[in-house]
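Visitor:
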Amino acid sequence: MLDKTFDFHAAETDLYKRWEASGAFSPDRAAPDAEPFSIVIPPPNVTGALHIGHALNNTLQDVLIRFERMRGKAALWLPGTDHAGIATQMMVERQLAAAGNMGRRDMGREAFVERVWEWKAESGGAIVQQLRRLGASCDWSRERFTLDEGLSNAVRKVFVTLHKQKLIYRDKRLVNWDPVMQTAISDLEVEQREVDGHFWHFAYPLDDGTAEIVVATTRPETMLGDTAVAVHPSDERYKHLIGRSVRLPIVGRPIPIIADEYPDPEKGSGAVKITPAHDFNDFRVGQRHRLPMINIFDPTARLNDEVPPAYRGLDRFEARKKVVEEIESLGLLRGVERTRHAVPHGERSGAVVEPYLTDQWYVDAKALAGPAIAAVEDGRTALLPRTWESTYFEWMRNIEPWCISRQLWWGHRIPAWFGPDGRIFVEESEEAARAAALEHYGRTEPLRQDEDVLDTWFSSGLWPFSTLGWPEQTPDLQRFYPTDTLVTGFDIIFYWVARMMMMGLHFTGKAPFRRVVFNALIRDAQGAKMSKTKGNVLDPLELIDDYGCDALRFTMTAMSGQARDIRLSRQRIEGYRNFGTKLWNAARFCEVNECRPVAGFDPADARQTLNRWIRGETARTIAAVTDALDRCAFAEAATALYRFIWNVVCDWYVELAKPILTGDDAAAKAETRATMAWTLQMCLKLLHPISPFITEQLWGEFGGADAGLLITAAWPKSADGWIDVEADAEMAWLIALVDQVRSIRAETNVPPKARAPLVLVGASAATRDRLARHRALIERLARLSGIELADAAPAGAVPFVIGEATGALAIAQLIDIGAERARLAKEIATLAAEAERTAKKLANADFVARAPEEVVEENRDRLADAESAKAKLESALERLESVG
RNA sequence: GGACGCGUAGCUCAGCGGGAGAGCACCUCGUUGACAUCGAGGGGGUCGCUGGUUCGAUCCCAGCCGCGUCCACCA
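Residue numbers (our numbering): 61 to 944.
Written as structure tokens, this is what we have:
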């Protein structure tokens, strides 16, 4: 006996264990010739906790993988985690600080890295446990970590190969430097934030003192590193000064006035101070004019010995203040404006990023981008929704070199060794590097490995093939690469998707995915980003505890249609929890009424109109859900199931079946029991990918005698002939009739318990047949005391139109005649308006001539229907008047 | 500055060339043996504005207004 409600707490733990133990998560259990279907998980940060975005993203992946698994494919969902260089290192450093332990630099590299591994061993698995709570049917036996041995080999292989192909190189140029983390970061990791600031105008005197030139800056401290002032060659105000020089205030260094296209004469004074070592634009100007590049910062962005003694050791912001003060005291301050401008920040540390001149490793992304662009252009990989393709192209076509070295300790150490003379040996191992060095030098020389590690995204870029065993040609790699679908957030389209496309194509020759599905970002009910500080975070684990995993999953699926933002509220989840309860109760109904699956039952054999009808509705739902999931239109699948299960099966099929199930027609009863059990089975199967727990639980009762687990049951297929247009029309008529009576009763305030007689006027033979078949049912659902056929409606009866016939509810004594008159008048007005609109359309010769025939025909029918219905109600209204 | 997206019922959103939809909220009624985490019924919308294309526009095009996101800018 099923419990009154679904105890999801107990079921979730139990069922997940059973699935895992059954081997269902492994593609190896599928038939040997089964078509492969694979998904690689976007690896969550190993430090992370499951947040609502993961819940969305992983639910969709699980829906797909369960769907394809049920379709009989060898479905692999490959899980794993990312070492997340900066994030993890920061986290462990914070923990060390909080515990009062010595810092990273005092501990030394080896001890620190060991400490991170310890931390990973202790709590790094939290998120994979949390994925299990979400019901994720990943193949845990294939779980990978970006720093594990196999993936590290892949990383070294890729680095060395790209280096030999000259697609990785070392270069000294300006990078985005994070002075807090003390590392370079890539362009993508820089986030522009609007801040209040100032715009200062400084006068730089000509070195002969005859004039001054005014420049402006938001970063006054950089003037200590100025090596020129640039003006536009066509700028008449400055033409005569080009080639002369100014004396840089405070520093006293003479610097040239140069002509360059870069300054915009329209902006400010038209003259620009040039600080080649600390500004990306100035760097380019400096290169063009071979200007000295004076680096004035140390790695923590304090001023170094390149500046006058009074400034050395000052923090950049202290220096800024002091420069302004000194300029002012020298009488050279020519103005200050308050501004609000964008300032680059490190997205992880939040520190203001400085352009900084260092040696770093770069990937020639431009060269790799070509094939990645082509793969999307020619459709080998589809980005869904398609609108993301233009974003992808835009970025890929303007791609810049990718700075991949990081001055961190947690990550893949760069496989490069320096000889005593600075020569670099890039090899896959230290032994290989030594061999190469021996060959080069002709003797053994000491080698020093590059201290830096690789950008985390370098290893994640290899994820679709490194996790399958590459560079070894493993059976998994051969079977499951390329993967089928990647489901991920659009916020990492550049970081991750683009890089996987480039790396995958370069190293395997094949695009790593057939499709990439971008899911939306989840916001709170007001549309604000969820953040801990705002306190508007919805924790998926808490939601699972409160509403059950299926409710959360159904919510995620149903709302996944939104392209960019999903506004999530508890109320919404509650609604979908109720949907699960509805299904549960339908199953209880089946149980109470002994609707048990019948072995060998074929819905095609059903004879009852009701059962032929639900068979067709089921067929339509199977088609709709299958098609939607095929297209990754997850929300469409959820909506189709919600409607079918609630509004078709529960609202009508169950209600309509009741008289049969409690009646005496044994054959009809047996058929209906079997059909109902079968319908429920179809619901369970179709809903399983989205709501795996409740469906699996009910499958235990309704799967049939020797049914295995639902997770590996076969996906439904509908057969030709299940849709029966006769049955559909008959049920539509019946439902319309019941709806009409119910509506009139409610609107005219007939007491719910009162039973009224119904008279059908002008019923055709077909209608009489239908009535004969369903009389008891209609009486029950519409709460009628009886149904009669007549040539004319009785006086004072309340009329309505049902097909060719007029229905009349003889309830005059029960209702308010005034209310009824109003109801009729309103109905007539609506019909009149519709008739008028349609008639006008049909009177338009152009419409009749140019519109497709079926549209014209449809409008003719509509007009006829409206007019005949209107006529019937009008005559009824007249009779009502004569009575009243 | 460039690109993309969004403005449809009180709220969140579907629909995207031929009769305006769903869920929630709201109102009325309801203890008929699946279900009050429910049932029955109902009210509520010049589909942002202005033009254009079309026999016909919520849907296509242009412009405008409002909102959002990403990229670029930061002398």
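No residue lacks a Cβ here, since even glycine has one placed at the ideal position from N, Cα and C.
Measure the C-alpha to C-alpha separation of residue 923 and residue 901 and round it to an integer number of angstroms.
Guide: Their Cα atoms are separated by approximately 10 Å.
Visitor: Shortest alpha-carbon distance to residue 525 belongs to which of 140, 260 and 930?
Guide: The candidate whose alpha carbon is nearest that of residue 525 is 140.
Visitor: In whole angstroms, give me the CA-to-CA distance for residue 136 and residue 789.
Guide: One C-alpha to the other measures close to 44 Å.
Visitor: Going by other Cβ atoms of all chains shown within 10 Å of its Cβ, with 16 needed for buried, is residue 207 buried or exposed?
Guide: Classification of residue 207: buried, given that the 10 Å Cβ count is 16 or more.
Visitor: Is residue 807 near residue 883, with beta carbons less than 7 Å apart?
Guide: In this structure, residue 883 lies closer than 7 Å to residue 807 by Cβ.
Visitor: How many Å lie between residue 335 and residue 344 at the Cα?
Guide: Cα-Cα distance, rounded: 10 Å.
Visitor: Tell me whether residue 279 sits in a helix, a strand or coil according to DSSP, three-state version.
Guide: Coil at residue 279, not helix or strand.
Visitor: Are the region 931-940 and the region 859-870 in contact at 8 Å, needing three or more beta carbon pairs?
Guide: Output reads yes: the region 859-870 touches the region 931-940.
Visitor: Only counting runs of 3 or more residues, tell me where the beta strand (DSSP E) segments fall wholly within the region 339-390, in order along the chain.
Guide: Here no run is fully enclosed.
Visitor: One question on the structure: do residue 1013 and residue 351 come within less than 7 Å of each other, judged by their Cβ atoms?
Guide: Outside the shown range of the chain (61 to 944) lies residue 1013, about which nothing can therefore be said.
Visitor: Secondary structure at residue 916, three-state DSSP: helix, strand or coil?
Guide: DSSP places residue 916 in helix when its eight states are reduced to three.
Visitor: Starting from the C-beta of residue 39, find all residues in its chain whose C-beta is less than 6 Å away, skip the five residues before and the five after it, and write them out in chain order.
Guide: Given that the chain is displayed from residue 61 to residue 944, the structure contains no residue 39 and the question cannot be resolved.
Visitor: Measure from the alpha carbon of residue 548 to the alpha carbon of each residue in 530, 581, 565 and 519, then state which is nearest.
Guide: The shortest Cα separation from residue 548 among 530, 581, 565 and 519 belongs to 581.
Visitor: With DSSP run on the structure shown, which of helix, strand or coil describes residue 65?
Guide: Note: residue 65 maps to coil in three-state DSSP.
Visitor: Would you call the CB atoms of residue 744 and residue 758 closer than 7 Å?
Guide: Their beta carbons are under 7 Å apart, which means residue 744 touches residue 758 by this criterion.
Visitor: For residue 504, name the three-state secondary structure that DSSP assigns.
Guide: In this structure, residue 504 counts as coil in the three-state DSSP scheme.
Visitor: Closer than 8 Å is the cut-off here; do at least three beta carbon pairs connect the region 426-443 with the region 481-490?
Guide: Result no; under three Cβ-Cβ pairs closer than 8 Å.
Visitor: So the alpha helix (DSSP H) residue 230 belongs to, where does it begin and stop?
Guide: Run containing residue 230: none in the alpha helix (DSSP H); it sits in the beta strand (DSSP E), 228-238.
Visitor: Roughly how far, in whole angstroms, is the beta-carbon of residue 752 from the beta-carbon of residue 112, given that I think they are within contact range, below 8 Å?
Guide: About 19 Å; that fails the 8 Å criterion.
Visitor: The beta strand (DSSP E) spanning residue 554 covers which residue range?
Guide: No beta strand (DSSP E) contains residue 554, which DSSP labels as neither H nor E.
Visitor: With three or more C-beta pairs closer than 8 Å as the rule, is the region 233-249 touching the region 410-418?
Guide: Yes, the region 410-418 touches the region 233-249.
Visitor: Using only the alpha-carbon positions, how far apart do residue 173 and residue 747 sit?
Guide: Going by the C-alpha atoms only, they are around 46 Å apart.
Visitor: At what residues does the beta strand (DSSP E) containing residue 847 begin and finish?
Guide: Where residue 847 is concerned, the enclosing beta strand (DSSP E) stretches over 844-850.
Visitor: What do you reckon, are the CB atoms on residue 221 and residue 466 nearer than 7 Å?
Guide: Not in contact: residue 221 and residue 466 (Cβ atoms no closer than 7 Å).
Visitor: Please state if the CB of residue 423 and the CB of residue 228 are separated by a distance shorter than 7 Å.
Guide: Contact flag set, yes.
Visitor: Between residue 332 and residue 290, what straight-line distance do the alpha-carbon atoms span, to the nearest angstrom?
Guide: So the alpha carbons of these two residues sit roughly 5 Å apart.
Visitor: Comparing C-alpha positions only, which one of 304, 261 and 241 sits nearest to residue 271?
Guide: Closest by alpha carbon: 304.
Visitor: Compute the Euclidean distance between the alpha carbons of residue 349 and residue 158, then round it to the nearest angstrom.
Guide: Computed Cα separation, rounded: 50 Å.
Visitor: Take the Cβ of residue 567 as the centre, count every other Cβ of all protein chains shown within 10 Å, and call the residue buried at 16 or more, exposed below.
Guide: By the neighbour-count rule (16 or more Cβ atoms within 10 Å), residue 567 is buried.
Visitor: Can you check whether the CB of residue 190 is closer than 7 Å to the CB of residue 110?
Guide: Result yes, Cβ atoms of residue 110 and residue 190 sit closer than 7 Å.
Visitor: Which whole runs of the alpha helix (DSSP H) in the region 178-217 are 4 residues long or more, in chain order?
Guide: Counting only runs of 4 or more, we get 186-193.
Visitor: What does the Cβ neighbour count give for residue 377, buried or exposed, with the cut at 16 atoms within 10 Å?
Guide: Label assigned to residue 377: exposed.
Visitor: Rounded C-beta distance between residue 119 and residue 147? I'm assuming under 8 Å.
Guide: Incorrect: roughly 24 Å between the Cβ atoms, too far for contact.
Visitor: So the candidates are 262, 551 and 827; which of them puts its Cα closest to the Cα of residue 786?
Guide: If we check each option's Cα against that of residue 786, 827 comes out closest.
Visitor: Are the region 252-261 and the region 293-312 touching by the rule of at least three beta carbon pairs closer than 8 Å?
Guide: With a cut-off of 8 Å, the region 293-312 and the region 252-261 do not count as touching, because too few Cβ pairs lie within range.
Visitor: Just mark residue 889 as buried or exposed, buried being the case when its beta carbon has 16 or more other beta carbons within 10 Å.
Guide: Counting Cβ neighbours within 10 Å, residue 889 comes out exposed, since fewer than 16 surround it.
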